[in-house]
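I have placed the structure first, in the form of structure tokens, so that the comments after it can refer back to it.
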Amino acid sequence: MQLFFADQRKVWKVGQVAGLSHAELSALFARRMVPTGTPILLDGAMRPVEPVSSWFRSLALERKDAKTMRSYAYSVLMLLHFLLARGADLRSAAETDLREFRLLRQDEAEEVIGDAAWDRDWAAIESLYRFLIRTGAVAQQPWRATPQGSGLASGIQPDLRVRHMELDQYLYLRDVGFGGLAPDAGLDVLFRGWRPHRNRAACELALMTGMRIQEWSTLLLPELGLIGGQRPAFTDIDLKASAKFGRPRSVYVAPDPMELLDPYLLLERPEIVAKAQRSLRRRHRELFVVQRLEAEGTKLRGVLDGLTITRTIKNMKPGLRRLAVLETGEGLDPLALFIGQGGRMLTFSAWDRIRWRAWDRLKAWSGDRHAPVLPGRCWVYHDLRHTFALRLLIFLTREALNDAEGQGLPMSTLLDHMTGNPLLVVQRRLGHAHPSTTYRYIRYLKDPMREVDDAFREWTAAGGATYTTIARSLMNLEDAGHAPPRSLHP
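Be aware that the sequence shown starts at 1200, since it is given in the numbering used here, and climbs by one per residue.
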């Protein structure tokens, strides 16, 4: 059995397909839509292996993302090989077979996996058997139901590892690791890195917004208002398709990370775009060539695969974002904020290489008297997100304590509030998965805007009150636009 993944653009790139004309191929794609990234399992005669391939297609039509489908596909492929070696298949498999498969994966294989990886395998297996039962391929699942309903899952909730940075560690990472400076903030004449302004700006944007790497690394210029040579002082970004699980939210970008983009946008990016023109023109047919922006820069209208389409930016998945270029009349300008050689949006692996090169620089300078203490393991981009969350939480907690002290309340009041918070009670009563859902009710109780001390001033690149403005924006953020908070009192 061989596993493949669908990609229509690669079909057109190949050109002629044996036995099918261009018109017939177009009609086939229109009649049988197979989203990019859909797994296809073929046997030795290159025929689809059923019912697994039909399950793959159902996942694609449920709009599972390509990464999830790929993970599910490899998990089930390993199960199929395991069952085949035992003379069994999906229909005849028993609970014992599945338990022994788990034993192999976690204890007996050449490379064993932990509980979290097994739970991902089990999620794929459960999804497959739900499909088999729904389509009548099997009568029931081969494992016994448990009161918890978790089947053979580990049942262990992974502990969230929160690793954050202190101020000196962050500045060392941003300026020395990514920016190519010496620990004393002087120029490192031996630095031979590529695009330090871009990397430094990305580091600042990640910290000051708390965005995940799949969110900040796939941003498009219009989302930050960076079209036509203009840069707003600050902005709000509506995330959806690039957010985790596609959950929509709004992200506030304060003045300081916007300002730190300037050296990259003025010095490095134009040079990258100019050098990439030949490569972009050669790939013209593969790209989403945007002809104009609509709806105040929130929609793109252009040509993709020979068809004129309009797409809302926040609904564009990373794959389509990577293809978006603007036809300026003077050339093609990639719409991705952070780009590399060839004008392409940097991939996660490219950002990973940048991170490791930065780490090598940090270790090389670790003996300098200006260097802070380094952690035992390389920093990851998610540590910037943890730092954002923790510093903001500490700041807001201090503010709440100061408010309580100013009103003459005992210190235990805040702790009592944190453990017996009415919002958490409401959350459990309403069945909200996350406290943020219930948090929306606060704006209807009173005006959440209040004066916030300009803490964390020294954390910003330009010395502004970034965390103050971020805190204010977060407290006053509305789901649909930025309508003024409602009050219960006239």
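Even for Gly, the Cβ is constructed at its ideal location relative to N, Cα and C.
Spatial neighbours of residue i in its chain, beta-carbon cut-off 7 Å, leaving aside the 5 residues before and after
| i | result |
| --- | --- |
| residue 1258 | 1268 and 1271 |
| residue 1301 | 1317 and 1351 |
| residue 1330 | 1254 and 1257 |
| residue 1287 | 1296 |
| residue 1353 | 1314, 1317 and 1318 |
| residue 1212 | 1485 |
| residue 1406 | 1369, 1583, 1586 and 1587 |
Residue i CB to nearest heavy atom of the ligand GDP below 7 Å
| i | result |
| --- | --- |
| residue 1532 | The ligand GDP is absent from the structure shown, which contains no ligand whatsoever. |
Cβ-based burial, residue i [other Cβ within 10 Å; buried from 16]
| i | result |
| --- | --- |
| residue 1534 | buried |
| residue 1777 | Missing from the structure shown is residue 1777; the chain here goes from 1200 to 1689 and no further. |
| residue 1590 | buried |
| residue 1470 | exposed |
| residue 1396 | buried |
| residue 1368 | buried |
| residue 1332 | exposed |
| residue 1475 | buried |
| residue 1492 | buried |
| residue 1222 | exposed |
| residue 1242 | exposed |
| residue 1553 | buried |
| residue 1509 | exposed |
Residues of its chain near residue i, where Cβ-Cβ distance is below 6 Å and the 5 sequence neighbours each way are ignored
| i | result |
| --- | --- |
| residue 1424 | 1431 and 1434 |
| residue 1505 | none |
| residue 1652 | Residue placement at residue 1652 is flagged as unreliable, the pLDDT there being 37, under the threshold of 50; the coordinate-derived value follows with that caveat. No residues qualify anywhere along the chain. |
Reference residue i, options the options, closest by Cα
| i | options | result |
| --- | --- | --- |
| residue 1174 | 1507, 1511 and 1482 | What is shown of the chain runs 1200 to 1689, which leaves residue 1174 out entirely. |
| residue 1273 | 1237, 1545 and 1307 | 1237 |
| residue 1343 | 1292, 1375 and 1363 | 1292 |
| residue 1574 | 1364, 1387, 1581 and 1563 | 1364 |
| residue 1447 | 1454, 1439 and 1362 | 1439 |
| residue 1298 | 1404, 1278 and 1264 | 1278 |
| residue 1252 | 1417, 1200, 1294 and 1229 | 1200 |
| residue 1502 | 1407, 1483, 1548 and 1518 | 1483 |
| residue 1263 | 1245, 1235 and 1531 | 1235 |
| residue 1260 | 1233, 1341 and 1556 | 1233 |
| residue 1391 | 1219, 1467 and 1560 | 1560 |
| residue 1555 | 1265, 1372, 1467 and 1244 | 1372 |
Cβ shell of residue i (< 8 Å), same chain only, five flanking positions each side left out
| i | result |
| --- | --- |
| residue 1312 | 1304, 1305 and 1320 |
| residue 1216 | 1210 and 1224 |
| residue 1457 | 1423, 1430, 1431, 1432, 1433 and 1434 |
| residue 1310 | none |
Residue i versus residue j - alpha carbon distance
| i | j | result |
| --- | --- | --- |
| residue 1413 | residue 1441 | 6 Å |
| residue 1429 | residue 1486 | 25 Å |
| residue 1203 | residue 1249 | 14 Å |
| residue 1569 | residue 1381 | 9 Å |
| residue 1290 | residue 1337 | 6 Å |
| residue 1507 | residue 1444 | 28 Å |
| residue 1526 | residue 1514 | 21 Å |
| residue 1400 | residue 1477 | 27 Å |
| residue 1207 | residue 1571 | 50 Å |
| residue 1463 | residue 1394 | 8 Å |
| residue 1549 | residue 1245 | 34 Å |
| residue 1340 | residue 1328 | 6 Å |
Exercise for review: Give, in chain order, every unbroken run of the beta strand (DSSP E) that is at least 3 residues long and sits entirely within the segment 1521 to 1581.
Suggested key: Counting whole runs of 3 or more residues, the segment 1521 to 1581 contains the beta strand (DSSP E) stretches 1523 to 1526 and 1531 to 1533.
Review point. Which ranges would you report for the alpha helix (DSSP H) in the segment 1407 to 1464 if only whole runs of at least 4 residues count?
Key: Runs of the alpha helix (DSSP H) inside the segment 1407 to 1464: 1412 to 1415 and 1454 to 1459.
Point to revise | Length-filtered (4 minimum) alpha helix (DSSP H) runs lying within the segment 1312 to 1380 | key: Runs of the alpha helix (DSSP H) inside the segment 1312 to 1380: 1314 to 1333 and 1366 to 1370.
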